[in-house]
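Structure first, then comments.
In this note's numbering, the protein residues as written are 971 to 1108.
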């Protein structure tokens, strides 16, 4: 089990021995963060790739931590026009982020870039889908 504390230290918890081992301090790896920006909004761990995705309160900041090499691997490109990230999931080579605007963004985690599907389809989502359950209806 992984735990992230209020200073953005990432720990692995051993439930057999009831011990915590600190893996990395993300705050030292990131640019200046305001205290409120350190709040973790969404976190996802892919057990097969051993990658942790963390979306912070600053909605433009989503980071990828390689738990095998214990390094900050990538800061995902900012998608300011999409809103606030609500959910993240991943497979071996992609990460999908769902935003409060109902937009879905796919990132290519192998090449560390925006996936081609997102580039060609982000602005093609139907308005009735984007407005469904959206608190910012127009």
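Note that CB positions come from ideal geometry on N, CA and C, so glycine has one too.
**Asked** Among the residues of its own chain, which have a CB less than 6 Å from the CB of residue 983, if the five just before and after it don't count?
**Response** 971, 973, 990
**Prompt:** Is residue 1025 buried or exposed, if buried means 16 or more other CB atoms sit within 10 Å of its CB?
**Reply:** buried
**Prompt:** Looking at residue 1055 and residue 1071, is the spacing between their C-beta atoms short of 8 Å?
**Reply:** no
**Message:** Suppose the cutoff is 6 Å on Cβ atoms and the five residues either side in sequence are ignored; what does the same chain contact list for residue 1013 look like?
**Reply:** 1024
**Asked** Which value, in whole angstroms, describes the spacing of the CA atoms of residue 1079 and residue 1047?
**Response** 11 Å
**Message:** I need the straight-line Cα distance from residue 1057 to residue 1069, nearest angstrom please.
**Reply:** 7 Å
**Item:** residue 1083, DSSP secondary structure in three states
**Value:** strand
**For residue 1007, the three-state DSSP class (helix, strand or coil)** = helix
**Request:** Please list, in chain order, all residues of the same chain as residue 995 whose beta carbon is under 6 Å from its beta carbon, the five residues on each side excluded.
**Result:** 979
**Request:** Please determine, among 1009, 1020, 1010, 992, the residue with the shortest C-alpha to C-alpha distance to residue 1036.
**Result:** 1020
**Request:** May I ask you to report which of helix, strand or coil DSSP gives residue 1091?
**Result:** helix
**Request:** Please go through the same chain and pick out, in chain order, the residues whose beta-carbon is closer than 7 Å to the beta-carbon of residue 1074, but skip the five residues on each side of it.
**Result:** 1066, 1068
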